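Heads up: the protein sequence lines correspond to chains F and X, in order.
Numbered per full-length UniProt numbering, the first sequence finishes at 499, counting up by one with no gaps.
Numbered per full-length UniProt numbering, the second sequence finishes at 161, counting up by one with no gaps.
Report on the following structure.
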Amino acid sequence: MEGLLGGFIVALKPMNLVFCFAGASIGTLIGVLPGLGPTAAIAMLLPLTIGLDPVSAIIMIAGIYYGASYGGSTTAILVKIPGEAQSVVTCLDGYKMAQQGRAGAAIAIAAIGSFVAGTVGAVAIGLISMPLVEFAIRFGPAENLSLLLLGFIVILVLAKGNVVKSLIMIAAGLLLSMVGQDVITGQPRFTLGIPELTDGFGVVVVAMGIFGLGEVFANVEKFRTRSMQAVPVGSLMPTKDDWKRSAMPIARGSVLGFLIGLLPGGGATLASFISYGVEKKFTKHPEEFGNGAVEGVAGPEAANNAGAAGSFIPLLALGLPGNPVTALLLGALIVHNVTPGPLMIQERPEIFWGVIASMYVGNVMLVLLNLPLIGIWVQLLKVPYRALYAALILFMIIGAYSLNNNPVEILLLLLFGVLGYGLRKLRFDTAPLILAFVLGGPIEFNLRQTMMLARDPLDYLMGRPIALTILAFGLLLIVLPMFSKVRQKLMLARAVNEL
Amino acid sequence: MTGETSRLAATLRPRLGAIAGIVCGLIGTFASLQLPLGTSRLLGPGAVPLLLSLAMTGLSLALLVKPGADEAEPDEEDGGLHGAAMVALVALMIGAFALLLTWLGFIVAGTALMYGLYAIGEEKLVSAKALLRAVLTALAAYLLFVVALSVNMPAGTLWGY
C-alpha cells in the first residue's frame, strides 16, 4: 500500500493532473469518432507524449486509454457504433436504452461502473503485483520463453475467426520483428542496405500505421456511405431502480473482469462478453436482455474496465503484453527508455505506482469532468468524419517524423498503414501480428539462450519445473477444446443414430 | 455492390490473402538462407527467420487449399472502387508529403497536404473552405507541436533554413 500512496503523490502533482486530464479529454475526442477505439486512439496520440518525461507520458497515455474507452461506450450507446470490440456488448442494451429515451442514464451507469471497476482494479494491482514480481524475478530464459509461448497459445485460443489466419499473422509479426540487428550476434538482417532499418522497425511506427492509419484508411473508404443519427441524451441521472439493478452487476463485473484481464490475451473485450453472459444468468429480468436491460450495460462496462486494469499486471510485472493496447503501452514505455518487467518495479517504482494511481485518477476525471461534458461529445458526433480525418493523419505524421527527425519514418508509417488497410480488406485480425511483433525480440533471444544453455533440451526442461508447468498449462489449453469438440461430435453422432 | 460481385469478392478474398502469405513466406525463406544458420545449439541469425518463413509458407498453402468462410461482419460496409481510389489518393499524398517535407518545410508542406485531404473529403478540386481549414489546421499543429511541445519539424531548405 505504501507504493500505491507514493504513486498517488506522483499522479496528483498538478502537472501530471493536467496531462491526465488532457489525455482523458483528447482520448474521449478520438474515442467518440465512430469506429475509432482505445487502440487507435493511443496509436494516434502517442506522438503527443514523446517530448514529456516518462512518468507524465505514461500518465497521459493512461488518460487517453480511459478517455477513448469512455468515448467508445458513448458512441456504442448513442449511435450503435462501438469504438472497439470491448464496447460491442454495450451496443446491445445501451442503444436500446437510448432508443427508450434513457441514453443519459446508460452513459452515467457505464461511467460509474467503469469508475468502481477502476478502483477495484487499482487496489488489486497493488496487492497482486509485488508477490508476482518476487516470483518472476527468479525466471531464467527457459521460464521466460515458456511464458511468452503461453501468451501466444492463449492469443490463439481466444483469437476471433480462422486459426490458420491468426497463425499466419503471428508468423508475419515475428518475422517483422526480426528486421534489424540480430539479437545475439548483432549482424544486420533483412535491412536491404537501408541504414534506417539497422535498428529494425519501431513499435510506435508499426502500431500507429497498422492500427491508426490503417483504421483511418478504412474510414476514408466509407465517406460516402456513412451517415449517423445520434439519439438524444436525456437526463444523466439514473433512476432508483437503475441503481438497485446495477449495483451487483458492477460488483461482479469488477471482480470477474479483473481476473480475466490477468490472462494473456484476455483483457477488456473478453471480460465484457463473459460479464454479459453472467448477468444474463443472474438477472431476474432475462426477457429484458437485448431490449434495454441496465444490467447489460453496467456489468460489461465494469468488466471491461477491470479487465483493462488486470491486463496491466502481466505488462508491468512481467513485461508481457496480453493485448494490443498493452502492446502499445509497452512500445510507449520502451520509447521513454523504460523496460517493463520485474526489475522496473524495483528500479523505477515511481513509474509503476504512478501509472497505477493515474489509472484511478483518470477514472475520477471521467466521472467528474467528462460526464458533465457529454453535450460537447455529442456535438462532435455531428461533425462529419471527412472534416476530422486530415487532422488525425497530420498528428500521426508529425509523431512518426519526431521519433528520429527523419522523413523515412513517415514513409514507413505509410507502408504499415497500407499493410493494415490491406489486412482489414482481406479479413485478417491484426491484433496477433502486433503482439507477435512486440514479443518477437524477447522470444528469439530467450529461445537462443535456452538452446545455448541446454545440452539436451528435453533433459534441461525436466530440470525447470516452473517452465514445464507453464508449458503443460499451455498444452492443456490446446488439448481441452479439442476434447470438447470430439465429445460434441460423438454426442451428435449418437443422437443421429438414435433417430 | 451487386450480389454477384460480392460473391466473387468473398471467394477471391481468402485466396488473395493466402497467395500474399505464400509470396512473403518464400521471400522470407530465400532471405533467411542468405544468413548463417548456425548449429542446433548455437542458432545463427538465419535459423529462426527460416523456420518462421517456412511455417508462413505452409500455413498460407493450407489457407489456399481450405480458405474457410469469408468472415465479413454483418453490417460491414465496403467503399468499392471509389473508396479504394480515395484511399490510394490519400496514401499518395502522404508519400509526396514525406518526400517534400525537408525541402518545403513543415508549414508549406503541411498546408498543402491538409488542403489535399480536405479537398478529397469534399470531393472538390478547388475549395476556399478546404484552404481555410488547411491553413488553420497546419497553423494549430505548428503551435501545438513545434512551439508548445518543442518537436523539431523542418523549416525547409528551399527557404534557406
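Glycine is no exception: its CB is placed at the ideal position from the N, C-alpha and C atoms.
Everything numeric in this text was worked out from a predicted model, so none of it was measured.
Cutoff 9 Å: residue i Cβ touching any chain F Cβ
i	result
X:Ser60	yes
X:Leu149	yes
X:Pro74	Caution applies to X:Pro74, whose pLDDT of 44 falls short of 50 and renders its modelled position unreliable; the value that the coordinates give is listed next. X:Pro74 does not count as touching chain F.
X:Ile120	yes
X:Ile94	yes
X:Thr102	yes
X:Ala127	The displayed chain sequence assigns Ser, not Ala, to residue 127 of chain X. Answer no: the Cβ-Cβ gap between X:Ser127 and chain F never drops below 9 Å.
X:Leu113	yes
X:Val108	no
X:Lys124	no
X:Ala155	no
X:Val23	no
X:Gly105	no
X:Gly68	yes
X:Val87	yes
X:Leu63	yes
X:Leu139	no
residue 172 of chain X	Residue coverage of chain X in this structure runs from 1 to 161, which leaves residue 172 of chain X outside it and unanswerable.
Burial state of residue i, where buried means 16 or more other Cβ atoms lie within 10 Å
i	result
X:Asp75	Residue placement at X:Asp75 is flagged as unreliable, the pLDDT there being 45, under the threshold of 50; the coordinate-derived value follows with that caveat. By the 10 Å Cβ count, X:Asp75 comes out exposed.
X:Glu11	This sequence places Thr at residue 11 of chain X; Glu is not what is there. With fewer than 16 Cβ atoms within 10 Å of its Cβ, X:Thr11 is classed as exposed.
F:Pro14	exposed
F:Pro286	exposed
F:Asn337	exposed
F:Gly296	buried
F:Arg455	exposed
F:Pro432	buried
F:Asp199	exposed
X:Leu136	exposed
X:Met1	Confidence at X:Met1 is low in this model, with a pLDDT of 46, below 50, so its placement is unreliable and the value that follows should be read with caution. It is exposed - the Cβ of X:Met1 has fewer than 16 other Cβ atoms within 10 Å.
F:Glu211	The identity of residue 211 of chain F in the sequence shown is Phe, whereas the question assumes Glu. The residue in question, F:Phe211, is buried, as its Cβ has 16 or more Cβ neighbours within 10 Å.
F:Ile137	exposed
F:Phe282	exposed
F:Arg464	buried
F:Gln86	buried
F:Asp459	exposed
F:Asp242	buried
F:Ile434	buried
X:Ala148	exposed
X:Thr39	exposed
F:Met452	exposed
F:Pro131	exposed
Residues bridged to residue i [DSSP beta-bridge criterion]
i	result
F:Gly180	F:Arg189
X:Leu52	BP columns for X:Leu52 are empty, so no partner.
CB contact below 9 Å: residue i versus chain X
i	result
F:Tyr276	no
F:Pro47	yes
F:Ile42	no
F:Ser25	no
F:Phe428	yes
F:Ala172	yes
F:Lys382	no
F:Ala98	no
F:Gln379	no
F:Arg189	yes
F:Gly51	yes
F:Gly417	yes
Whole-number beta carbon distance between residue j and residue i, since they are thought to touch under 8 Å
i	j	result
F:Leu330	F:Ile61	Actually they are not in contact, since the Cβ atoms of F:Leu330 and F:Ile61 sit about 11 Å apart, beyond 8 Å.
F:Ser114	F:Ile313	Not confirmed; about 18 Å, so no contact.
X:Gly80	F:Leu426	Their Cβ separation, rounded to whole angstroms, is 16 Å, which puts X:Gly80 and F:Leu426 out of contact at 8 Å.
F:Ile250	F:Val116	5 Å
F:Asp93	F:Gly290	7 Å
F:Leu52	F:Phe19	7 Å
F:Met178	X:Pro154	About 32 Å; that fails the 8 Å criterion.
X:Ile107	X:Ala138	6 Å
F:Leu46	F:Gly399	6 Å
X:Ala91	X:Tyr115	Going by Cβ atoms, the distance from X:Ala91 to X:Tyr115 rounds to 17 Å, so no, they are not a contact pair.
F:Ile58	F:Ala309	Not a contact, Cβ separation roughly 15 Å.
F:Phe75	F:Val32	Note that residue 75 of chain F corresponds to Thr in the displayed sequence, not to Phe. Between F:Val32 and F:Thr75 the Cβ distance is about 5 Å, and since that is below 8 Å, they are a contact.
Any chain A beta carbon closer than 9 Å to residue i
i	result
X:Leu117	The chain labelled as chain A is not found among the protein chains of the depicted structure, namely F and X.
- Message: Just to confirm the assignment: which complete alpha helix (DSSP H) runs, minimum length 4, are found wholly within the stretch 10 to 41 of chain F?
- Response: 14 to 31
- Message: List, from N- to C-terminal side, the alpha helix (DSSP H) runs of 4 residues or more that fit wholly inside the UniProt domain "DUF1468" (20 to 154) of chain X.
- Response: 47 to 65, 80 to 104, 106 to 122 and 128 to 141
- Query: Which runs of the alpha helix (DSSP H) spanning at least 4 residues fall entirely within the stretch 89 to 136 of chain F, listed in chain order?
  - Reply: 103 to 136
- Item | Inside the stretch 354 to 430 of chain F only - alpha helix (DSSP H) runs reaching at least 4 residues | 374 to 382, 389 to 404 and 408 to 425
- Please specify which runs of the beta strand (DSSP E), each continuous and at least 3 residues long, are wholly inside the stretch 52 to 84 of chain F, giving them in chain order. none
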